[in-house]
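J.: For the record, the sequence lines run as chains A and B. Using numbering that gives the first Met the number 0, you'd call the opening residue of the first sequence number 0 and step up by one each time. Using numbering that gives the first Met the number 0, you'd call the opening residue of the second sequence number 0 and step up by one each time. Built from N, CA and C at the ideal position, the CB exists for glycine as well.
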Amino acid sequence: MKILPVIPILLPMAVAILSVLLRGDEKRAHMLAIAGAVVHLMVAVLLMGAVLRQGVVAVWIGNWPAPFGICLAVDYLSAAMVVITAVIHTAVTVYARRDIDDRQVGLGFYSFMQLLAAALCGAFLTGDLFNLYVWFEVMLMASFGLLVMGRGPGLLPGAVKYVTINLISTLFFLTAIGLIYGLTGTLNMADLHAKAAGVQNTDLLTAAAMLLMAAFGIKAALFPLFFWLPAAYPTLPVSVSAFFAGMLTKVGVYAIIRMFTLVFTHDTGVTHNTLLVVAALTMLFGVVGAAAQMEMRRILSFHIISQVGYMVLGLAMFTPLALAGAIVYLVHHIIVKANLFLVSGLVRQAGGSFHLKHVGGLYKSHGLVAVGFIIPAFALAGFPPLSGFWAKLLIIKAGIDSQYYTLAVLAALVGLLTVFSMIKIWSEVFWKPSPAEGSRSSGRSRLSAWMLGPVLALAMITVLLGIFMEPVIRFSVIAAGQLLDPEPYVSAVLRGAR
Amino acid sequence: MEALLACLVGLLFAAGLYLMLSGVLVRFVFGLSLISNAVNLLIFTAGRLENVHPPLIAEGQTTLSVPASNALPQALILTAIVIGFAMVTFLLVLLNGAYLRTGSQDTDDPPFLDETGDGSLHAASAGRSAESDPS
Numbered sequence: 000m001k002i003l004p005v006i007p008i009l010l011p012m013a014v015a016i017l018s019v020l021l022r023g024d025e026k027r028a029h030m031l032a033i034a035g036a037v038v039h040l041m042v043a044v045l046l047m048g049a050v051l052r053q054g055v056v057a058v059w060i061g062n063w064p065a066p067f068g069i070c071l072a073v074d075y076l077s078a079a080m081v082v083i084t085a086v087i088h089t090a091v092t093v094y095a096r097r098d099i100d101d102r103q104v105g106l107g108f109y110s111f112m113q114l115l116a117a118a119l120c121g122a123f124l125t126g127d128l129f130n131l132y133v134w135f136e137v138m139l140m141a142s143f144g145l146l147v148m149g150r151g152p153g154l155l156p157g158a159v160k161y162v163t164i165n166l167i168s169t170l171f172f173l174t175a176i177g178l179i180y181g182l183t184g185t186l187n188m189a190d191l192h193a194k195a196a197g198v199q200n201t202d203l204l205t206a207a208a209m210l211l212m213a214a215f216g217i218k219a220a221l222f223p224l225f226f227w228l229p230a231a232y233p234t235l236p237v238s239v240s241a242f243f244a245g246m247l248t249k250v251g252v253y254a255i256i257r258m259f260t261l262v263f264t265h266d267t268g269v270t271h272n273t274l275l276v277v278a279a280l281t282m283l284f285g286v287v288g289a290a291a292q293m294e295m296r297r298i299l300s301f302h303i304i305s306q307v308g309y310m311v312l313g314l315a316m317f318t319p320l321a322l323a324g325a326i327v328y329l330v331h332h333i334i335v336k337a338n339l340f341l342v343s344g345l346v347r348q349a350g351g352s353f354h355l356k357h358v359g360g361l362y363k364s365h366g367l368v369a370v371g372f373i374i375p376a377f378a379l380a381g382f383p384p385l386s387g388f389w390a391k392l393l394i395i396k397a398g399i400d401s402q403y404y405t406l407a408v409l410a411a412l413v414g415l416l417t418v419f420s421m422i423k424i425w426s427e428v429f430w431k432p433s434p435a436e437g438s439r440s441s442g443r444s445r446l447s448a449w450m451l452g453p454v455l456a457l458a459m460i461t462v463l464l465g466i467f468m469e470p471v472i473r474f475s476v477i478a479a480g481q482l483l484d485p486e487p488y489v490s491a492v493l494r495g496a497r
Numbered sequence: 000m001e002a003l004l005a006c007l008v009g010l011l012f013a014a015g016l017y018l019m020l021s022g023v024l025v026r027f028v029f030g031l032s033l034i035s036n037a038v039n040l041l042i043f044t045a046g047r048l049e050n051v052h053p054p055l056i057a058e059g060q061t062t063l064s065v066p067a068s069n070a071l072p073q074a075l076i077l078t079a080i081v082i083g084f085a086m087v088t089f090l091l092v093l094l095n096g097a098y099l100r101t102g103s104q105d106t107d108d109p110p111f112l113d114e115t116g117d118g119s120l121h122a123a124s125a126g127r128s129a130e131s132d133p134s
């Protein structure tokens with residue numbers, strides 16, 4: 000089917016419009032959202048099948064002759080990202096049933112959620128730089144809508160930080176687009192691949208590349224542009240924070256990977272070495288920042304930052320193995336991180352608070368929550384045989400192969416510090432006797448299957464990813480090969496509309 | 000013409016940055032508007048500046064025979080203006096809400112400096128929400 004790559008974008012948009020009509024009816028709106036998310040997942044899997052058969056799938060919207068007009072181009076990496084978006088989208092939508100109240104449904108929660116999913120898929124699928132900008136803006140608008148639905152003391156200051164820094168990122172992005180268009184006369188990524196190599200004024204091209212790096216670095220929460228993330232995420236409703244934590248920073252990472260493999264490889268001495276330093280500092284500062292926090296979602300937010308560092312490190316080393324490691328890391332991290340945020344919601348429901356000081360004893364009273372936490376937490380810290388171990392192993396091995404010994408040691412050290420934070424949560428939330436023993440929260444509050452189900456399902460995926468890692472790594476190596484040798488991608492796109 | 004526009008873009012960027020760095024949120028909005036206009040001009044200049052011939056293809060030909068202005072950057076700018084307008088509108092509403100809740104427009108004030116998430120700094124200026132309160 001020729002229009003297959005368009006469906007993962009159009010479908011959630013259609014569901015979003017329908018959800019507006021159902022916003023007064025919580026139950027039906029939820030059913031519609033789940034149905035939409037499940038179909039979204041099926042379409043994403045179909046698209047993945049098409050990509051596995053053909054290598055690269057490209058569609059020119061409106062049948063314009065290439066390279067004019069807008070194209071969608073799907074390679075292994077894009078297809079994997081779309082599938083993973085749909086998985087998280089489904090899990091979070093199921094979870095939202097108990098997490099989101101009438102008021103938030105009335106404000107259009109499900110519409111914004113679906114729009115966000117559509118925009119994410121658009122950003123992953125597009126083959127045009129300006130179109131990517133448009134999807135980023137759609138994503139921003141949807142995330143703003145979800146952001147102001149939360150409550151809690153830090154909500155508005157957190158929202159202000161999130162919104163302003165993201166608007167600055169937009170300006171960087173647009174400036175870079177202007178410079179790139181002026182230099183090359185095209186904004187199609189595949190076309191840019193050839194045209195960027197022919198640019199005479201490489202310094203100006205590097206300047207544009209650095210502007211883009213800053214723009215995407217803000218989205219990805221790279222050092223030193225990460226402060227907005229721990230300010231904003233803990234104020235969100237739990238299901239929203241899980242979706243954001245899983246996907247939003249990763250769009251930035253995806254965009255960096257795409258642009259700095261396909262277009263900006265003319266001066267890796269400057270661009271990729273900068274990324275190398277930034278990635279190392281991101282890993283370190285994220286994990287150290289987490290150590291100082293005592294609120295569960297803040298700890299997890301800082302860990303997003305440190306984990307993003309690993310992915311960018313994989314790109315910055317720029318070898319096939321390192322890139323494959325970065326892709327495995329992306330897939331593993333999205334699932335694990337979204338899951339941990341969902342668990343934090345369960346902890347809140349069972350123990351009454353996100354704050355480590357105010358909860359305890361959940362190991363005894365809620366064993367399933369403990370299972371749901373320990374699997375993603377160990378995966379995040381990199382215990383074998385869970386998925387995080389393999390992802391870290393690939394990155395560290397690539398580092399040693401390229402003789403970046405310091406970075407390899409740093410990556411291992413950050414893993415160790417991650418264990419420290421996870422153990423802190425484990426011992427405070429699960430092992431410590433409940434601080435309110437004998438009073439209100441000692442009675443076992445029942446947890447909803449709507450919330451527990453997605454958590455355990457994602458934990459199961461994490462375990463399965465760890466056990467059946469070999470095909471995942473094989474897939475990632477092919478994906479990395481496509482990124483490092485973009486000729487098939489470029490020719491598939493520029494073959495044009497038929 | 001290009002040089003003139005380039006200088007204007009630089010000037011707008013400088014003024015916008017100055018306003019954005021002042022730490023007062025309303026000035027941030029003004030700075031943002033200035034810079035987004037500067038970026039639009041930059042895209043416009045990065046296209047092709049030509050004020051003599053309209054981009055019309057003469058009859059019987061398939062391509063432009065004379066240098067004409069480039070229509071694509073203008074389409075891009077139009078998109079960017081619409082999106083930028085929506086963003087600034089949202090930002091104004093948000094800042095107004097933040098001002099009403101925190102009573103502050105200055106990012107150096109306590110409500111904007113809370114880095115621990117327990118709301119202790121914020122509790123002084125606005126009531127503590129029931130959600131994060133365990134008791």
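1. Rounded to whole angstroms, what is the Cα-Cα separation between residue 226 of chain A and residue 467 of chain A?
2. With DSSP as the reference, please indicate the residues paired to residue 70 of chain A in a beta bridge.
3. Measure the CB-CB distance between residue 367 of chain A and residue 299 of chain A and report whether it falls below 8 Å.
4. List the whole-angstrom C-beta distance separating residue 301 of chain A from residue 315 of chain A, where the pair is believed to meet the contact cut-off of C-beta under 8 Å.
5. Could you tell me whether the segment 39 to 52 of chain B touches the segment 127 to 140 of chain A, where touching means 3 or more Cβ pairs closer than 8 Å?
6. Which whole-angstrom value describes the C-beta separation of residue 243 of chain A and residue 253 of chain A, a residue pair presumed to lie in contact below a C-beta threshold of 8 Å?
7. Please confirm whether residue 67 of chain B has its beta-carbon closer than 8 Å to some beta-carbon of chain A.
8. If you measure beta-carbon to beta-carbon, which residues of the segment 78 to 90 of chain B are closer than 9 Å to chain A?
9. Chain A partners of residue 35 of chain B, CB-CB under 7 Å?
10. Where residue 108 of chain A and residue 65 of chain A are concerned, what is the direct C-alpha to C-alpha distance, given to the nearest angstrom?
11. Considering only C-alpha positions, which residue in the set A:23, A:55, A:78 and A:98 is nearest to residue 447 of chain A?
12. Starting from residue 1 of chain A, follow the alpha helix (DSSP H) in both directions and report where the run begins and ends.
13. Give the straight-line distance between the Cα atoms of residue 6 of chain A and residue 46 of chain A, rounded to the nearest whole angstrom.
14. Check the DSSP bridge columns for residue 354 of chain A and list the partner residues they point to.
15. For a cutoff of 8 Å on Cβ pairs, would you count residue 136 of chain B as touching chain A?
16. By how many angstroms is the C-alpha of residue 182 of chain A removed from the C-alpha of residue 192 of chain A?
17. Around the C-beta of residue 180 of chain A, are 16 or more other C-beta atoms found within 10 angstroms, so that it is buried, or is it exposed?
18. Exposed or buried, residue 484 of chain A, counting other C-beta atoms within 10 Å across all chains shown (16 or more means buried)?
19. Would you say residue 478 of chain A touches the ligand FMN, meaning its beta carbon is less than 7 Å from a heavy atom?
20. Closest by CA to residue 116 of chain A, which one among A:127, A:87, A:103 and A:93?
21. Looking at the C-beta of residue 158 of chain A, does it have a partner C-beta in chain B at a distance below 8 Å?
22. Counting contacts by CB-CB distance shorter than 8 Å, is residue 437 of chain A in contact with chain B?
23. Starting from the N-terminal side, write out each stretch of the beta strand (DSSP E) that is 3 residues or longer and does not extend beyond the segment 403 to 439 of chain A.
24. What are the boundary residues of the alpha helix (DSSP H) that residue 232 of chain A is part of?
25. Go ahead and pull the three-state DSSP assignment for residue 101 of chain A.
26. So, for residue 486 of chain A: in the same chain, excluding its five sequence neighbours on each side, which residues have a beta-carbon less than 7 Å away from its beta-carbon?
27. Just confirm the distance between the C-beta atoms of residue 278 of chain A and residue 311 of chain A, as a whole number of angstroms; I'd bet it's less than 8 Å.
T.: Per the coordinate set shown:
1. Going from the Cα of residue 226 of chain A to the Cα of residue 467 of chain A covers about 36 Å.
2. Looking at the DSSP output, residue 70 of chain A shares a beta bridge with A:59.
3. The answer is no: Cβ separation not under 8 Å.
4. Cβ-Cβ separation between residue 301 of chain A and residue 315 of chain A: approximately 21 Å, too far for a contact (criterion under 8 Å).
5. Taking a contact to require three or more Cβ pairs closer than 8 Å, the segment 39 to 52 of chain B and the segment 127 to 140 of chain A do not qualify as touching.
6. Wrong, their Cβ atoms sit about 15 Å apart, outside the cutoff.
7. The beta-carbon of residue 67 of chain B is placed no less than 8 Å from the nearest beta-carbon of chain A.
8. Listed by position along the chain: 78, 79, 82, 83, 85, 86, 87, 89 and 90.
9. Near residue 35 of chain B (Cβ distances below 7 Å), the residues of chain A are 170.
10. Approximately 38 Å between the Cα atoms of the pair.
11. That would be A:98, whose Cα lies nearest to the Cα of residue 447 of chain A.
12. Counting along the chain, no alpha helix (DSSP H) covers residue 1 of chain A, and no H or E run does either.
13. Taking the Cα positions, residue 6 of chain A is about 9 Å away from residue 46 of chain A.
14. DSSP output for residue 354 of chain A lists A:294 as bridge partner(s).
15. Residue 136 of chain B is absent from the model: chain B starts at 0 and stops at 134.
16. Just so you know, the alpha carbons of residue 192 of chain A and residue 182 of chain A end up roughly 13 Å apart.
17. So residue 180 of chain A counts as buried.
18. Around the CB of residue 484 of chain A, fewer than 16 other CB atoms lie within 10 Å, so the residue is classed as exposed.
19. In terms of ligand content, the structure shown is empty, and the ligand FMN therefore cannot be addressed.
20. Per the Cα distances, A:87.
21. It does: the Cβ of residue 158 of chain A has a partner Cβ on chain B nearer than 8 Å.
22. With a pLDDT of 48 at residue 437 of chain A, under the threshold of 50, the modelled position of this residue cannot be trusted; read the value that follows with caution. So, not an interface residue.
23. Taken in chain order, the whole beta strand (DSSP E) runs of length 3 or more contained in the segment 403 to 439 of chain A number zero.
24. No alpha helix (DSSP H) holds residue 232 of chain A; DSSP gives it neither H nor E.
25. Correct three-state label for residue 101 of chain A: helix.
26. Apart from the 5 residues on each side of it in sequence, residue 486 of chain A has no Cβ closer than 7 Å to any other Cβ in its chain.
27. Yes, they are in contact, since the Cβ atoms of residue 278 of chain A and residue 311 of chain A sit about 4 Å apart, within 8 Å.
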